[in-house]
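Participant: Take this structure, written in C-alpha cells, and hold onto it; I'll ask about it next.
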Ligand SMILES: Nc1ncnc2c1ncn2[C@@H]1O[C@H](COP(=O)(O)OP(=O)(O)OP(=O)(O)O)[C@@H](O)[C@H]1O
Ligand SMILES: [Mg+2]
C-alpha cells in the first residue's frame with residue numbers, strides 16, 4: 007500500500023435553508039494514498055461535490071458550515087488550518103477541477119494569464135519562466151499549438167479545450183492530489199476518453215492521487231481503483247473496483263449497477279431504482295435507503311447502520327452483512 011496522503015474522518019457539512027439546517031454530507035471518511043485513483047459515485051445531490059469542496063475549505067459560509075470531522079493532510083488538520091496555509095494548499099498541493107468549467111475560468115483574462123498567475127501565486131518564478139511552463143502544460147494536456155492558445159480567451163476555446171485548460175491550471179503547481187469533479191460530463195465521448203486517459207497518465211508519471219467524482223459507472227470501471235458510493239449524504243459502500251462490480255454489498259450499489267447499460271443489455275431491460283432520494287428534511291428513521299430497498303425488513307427502521315466489514319478493503323452500511331443487529335441509540339437518525 008502506498009504512503010497515505012490524505013485522511014478524511016467523519017466529515018459532516020450542513021447548510022441553512024428556509025426549512026432549517028440540513029446535513030448535506032454526514033460522517034464521510036476515506037483514505038487516499040500516493041497514486042491512488044478513488045472514484046466517488048452517487049445520484050445527483052448525494053453530496054459528492056460538497057465532499058470535495060469541504061476538503062478544500064470552499065464551502066460558502068453562510069449558508070454552509072463544516073460541523074464535524076478532520077481532513078488530515080501533511081501533518082495538519084485542514085479544517086483548522088489558517089487562511090494562509092489554505093491558500094498554499096489550494097491549487098498548490100491539492101488542486102480541484104470544478105464541475106462547471108466556465109465558473110472557474112475567468113472570461114476577461116487569457117488562458118495563459120490564468121495559468122501564469124496560478125504558478126506565480128505559489129512559486130517565486132519570473133513571468134517568462136511561468137509562460138514557458140504554461141506552454142509546456144497546455145502541450146501536456148493535449149492542446150495543439152499551445153503557444154498560440156495561450157493568448158486566447160476562454161470563449162475562443164471549444165468545450166473540450168476549456169476542460170483541458172482547466173486541467174492545465176489544476177496541474178500547474180504539481181499538486182500531490184487532484185480532486186476532479188465530473189471533469190468530463192459535458193464532453194463528447196471521444197474527448198471524454200482522452201481526458202480520462204490524461205488523468206491516468208498523470209497518476210503514472212507523477213504519482214498524483216486523483217479523486218474522480220462521477221455518476222458514470224462505466225468511467226469508474228475503466229479508470230478507478232477504489233470506489234466510494236454515496237447515498238443521501240452518506241458513504242454507503244466502499245470497495246476496490248473489482249469487488250464492487252463482482253459483489254456489491256449495499257442494495258443501492260446493486261441498484262446502480264443494474265441501471266447501468268452494458269453491451270449485452272438492451273436499453274429497455276435496464277432497471278431504474280424505484281422511488282427517489284429522500285429530501286434531507288424528511289430522512290426516514292433508520293436506514294436512509296430503506297424506502298427504496300428491495301430487501302428492507304423491520305430492523306432497518308431501528309438505526310442508520312454504520313459501515314460494516316465486507317471483505318478486504320470492502321465495507322457497506324447494510325444490516326444484512328454479518329447479521330448485524332442494530333441497537334437503537336438515543337438521538338440516532
Ligand atoms: N451552496 C449550497 N447551499 C445550499 N445547499 C447546497 C449548497 N451546495 C450544495 N447544497 C446541497 O447539498 C446537497 C449535496 O449537493 P452536492 O452538490 O454535493 O451533490 P452532488 O452529489 O455533487 O450532485 P451532482 O451529481 O448533481 O453534482 C444537495 O442537497 C444540495 O442541494
Ligand atoms: Mg456535484
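Residue numbers (the numbering used here): 7 to 339.
Glycine included, each C-beta is placed from N, C-alpha and C at the ideal position.
Out of 310, 218, 282, 318, state which residue places its alpha-carbon closest to the alpha-carbon of residue 50.
Facilitator: 282
Participant: Could you compute how far the alpha carbon of residue 92 sits from the alpha carbon of residue 300?
Facilitator: 44 Å
Participant: Measuring from each Cβ to the nearest heavy atom of ligand 2, keep the ones under 7 Å and list them in chain order.
Facilitator: 54, 55, 105, 187, 188, 219
Participant: At a cut-off of 7 Å, is residue 50 close to ligand 1 when judged by its beta-carbon and the heavy atoms of the ligand?
Facilitator: yes
Participant: Can you check whether the CB of residue 250 is closer than 8 Å to the CB of residue 225?
Facilitator: no
Participant: Among all the DSSP beta bridges, which residues are the ones paired with residue 258?
Facilitator: Answer is none; residue 258 lacks a bridge partner.
Participant: Please determine, among 53, 222, 46, the residue with the shortest C-alpha to C-alpha distance to residue 286.
Facilitator: 53
Participant: Which residue spans inside the region 194-223 form an unbroken beta strand (DSSP E) run of at least 3?
Facilitator: Listed in chain order, the complete beta strand (DSSP E) runs (minimum 3 residues) inside the region 194-223 are 215-219.
Participant: Taking 8 Å as the cut-off, decide whether the C-beta atoms of residue 173 and residue 204 are in contact.
Facilitator: yes
Participant: List the whole-angstrom C-beta distance separating residue 178 from residue 121, where the pair is believed to meet the contact cut-off of C-beta under 8 Å.
Facilitator: 5 Å
Participant: Using a Cβ-Cβ cutoff of less than 7 Å, which residues in the same chain neighbour residue 148 once the five nearest sequence positions on both sides are dropped?
Facilitator: Excluding residues up to 5 positions away in sequence, 170, 200, 204 lie with their Cβ nearer than 7 Å to the Cβ of residue 148 in the same chain.
Participant: Is residue 189 buried or exposed, if buried means 16 or more other CB atoms sit within 10 Å of its CB?
Facilitator: buried
Participant: Touch check for the region 60-71 and the region 13-21: three-plus C-beta pairs under 8 Å?
Facilitator: yes
Participant: Give the range of the beta strand (DSSP E) segment to which residue 9 is assigned.
Facilitator: Per DSSP, residue 9 belongs to no beta strand (DSSP E) and is neither H nor E.
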